[in-house]
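In terms of the working numbering, the sequence shown has 690 at position 122, counting the first letter as 1, and numbering is strictly consecutive. Take a look at the structure set out below.
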Amino acid sequence: MGPMTADTDVQQQISVTRKAVEAEGRRKYLQRTGLSVIGVLIALLVWWGLAEQQGFALPSPIDAGRDIAENLFQSTYLEQKGLSDGGGYTVHLLATVWRVMAGVALGGLLGVSLGLLSLPVKAIQEVVNPLAAFFGAAPIFVAAPFFLIWFGITPWAQVGMVGFYTALLMYIFSRRAGENLAAGYVESALTLGGTPRSVFRYIYLPGTVPEIAGGFRISLAGAWGLAAISELLGAQEGAGFLIKFYATAFRVDGMISMVLLLGLVAILVDRIVVFGLTYLIRWTESGRSLDL
Numbered sequence: 569m570g571p572m573t574a575d576t577d578v579q580q581q582i583s584v585t586r587k588a589v590e591a592e593g594r595r596k597y598l599q600r601t602g603l604s605v606i607g608v609l610i611a612l613l614v615w616w617g618l619a620e621q622q623g624f625a626l627p628s629p630i631d632a633g634r635d636i637a638e639n640l641f642q643s644t645y646l647e648q649k650g651l652s653d654g655g656g657y658t659v660h661l662l663a664t665v666w667r668v669m670a671g672v673a674l675g676g677l678l679g680v681s682l683g684l685l686s687l688p689v690k691a692i693q694e695v696v697n698p699l700a701a702f703f704g705a706a707p708i709f710v711a712a713p714f715f716l717i718w719f720g721i722t723p724w725a726q727v728g729m730v731g732f733y734t735a736l737l738m739y740i741f742s743r744r745a746g747e748n749l750a751a752g753y754v755e756s757a758l759t760l761g762g763t764p765r766s767v768f769r770y771i772y773l774p775g776t777v778p779e780i781a782g783g784f785r786i787s788l789a790g791a792w793g794l795a796a797i798s799e800l801l802g803a804q805e806g807a808g809f810l811i812k813f814y815a816t817a818f819r820v821d822g823m824i825s826m827v828l829l830l831g832l833v834a835i836l837v838d839r840i841v842v843f844g845l846t847y848l849i850r851w852t853e854s855g856r857s858l859d860l
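Now the structure itself:
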């Protein structure tokens, strides 16, 4: 009777603890959501106040919302200008999304591969490190014209530009993740008879994933700006291309609409990436708090 009572008490205590943890998680989620809503409302109020003062130079949130509603899926104005076949802003947003996803995927794969391989293969480190230091210090506007000359006014110019800087960032993040890995893990594996290949497979790969995941989010966030800048300099479609067109037509409402839509798309994609990364590294503390 005594052991059964003890087991029941332990189960009840576990249940109470679980409920307390869940309640605390809900409280923190509601607190974050409430603060986010407050931040958005403050931004809208500030925007509205500035719009009242600036007049034509800064449309109000209502004007921007009206422009989005009228042109998101179908735009008569863009059709008249020959910039849309009936898809409105959606076609240009999808073009930018494709360039960002392709560039980040290709650049991320290259950067992570070189970064991790440079840990056991010192020759890669000696070759790539000077190049990473040089191009990392060069402003993005310096490299953009070269991609336009090499690839022309094609989507691959934007993909190449995004991929190049993503590879550069992911190389740095990957190397740093490997260097920050506790040396005791590697030493223990070698002591127990691990080969360099097995150490790389079972120590470096899983041990660096959490830090690489954070670096990937940073690279993805910067990729949206890179794609928009490259489209501003030379493209036939895309969010940056439309922003440039609206600037020449003095359509500030259209410019703001595209900036807002691009930001919303970036947030949505980031949420999807966070969901996937959280599941991938759910066994770590960083995985449980990645979306904070």
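C-beta atoms are modelled at their ideal positions from N, C-alpha and C, and glycine is treated no differently. Every value quoted in this text rests on a predicted model; they were computed, and no experiment measured them.
Counting along the chain, G782 sits inside the alpha helix (DSSP H) bounded by residues L773 to L801. Taking the Cβ atoms as the reference, A691 lies roughly 33 Å from S798, outside the contact range of under 8 Å.
Per DSSP, the unbroken alpha helix (DSSP H) holding R634 starts and ends at P629 to N639. For the pair of segments examined, the region 780-799 was found to touch the region 729-745: the number of CB pairs separated by less than 8 Å reaches three. With the rule of 3 Cβ pairs closer than 8 Å, the region 680-688 counts as touching the region 735-751. In the assembly as shown, L830 is a buried residue. Its beta-carbon has 16 or more other beta-carbons within 10 Å.
DSSP, read as helix, strand or coil, puts D821 in helix.
Between the beta-carbon of V841 and that of R765 there is about 30 Å, and that puts the pair past the 8 Å contact cut.
Taking the Cα of F813 as reference, the smallest distance to any Cα among L612, S652 and A781 is reached at S652. Take Y770, set aside five residues on each side of it, and the residues of its chain with a beta-carbon closer than 8 Å to its own are A757 and G762, in chain order. The continuous alpha helix (DSSP H) containing V730 extends over residues P723 to N748. At least 9 Å separates the beta-carbon of F741 from that of G775. About 6 Å separates the beta carbon of T658 from that of L640, a gap short enough to meet the 8 Å contact definition. L801 is positioned such that its CB atom lies no closer than 9 Å to that of I811.
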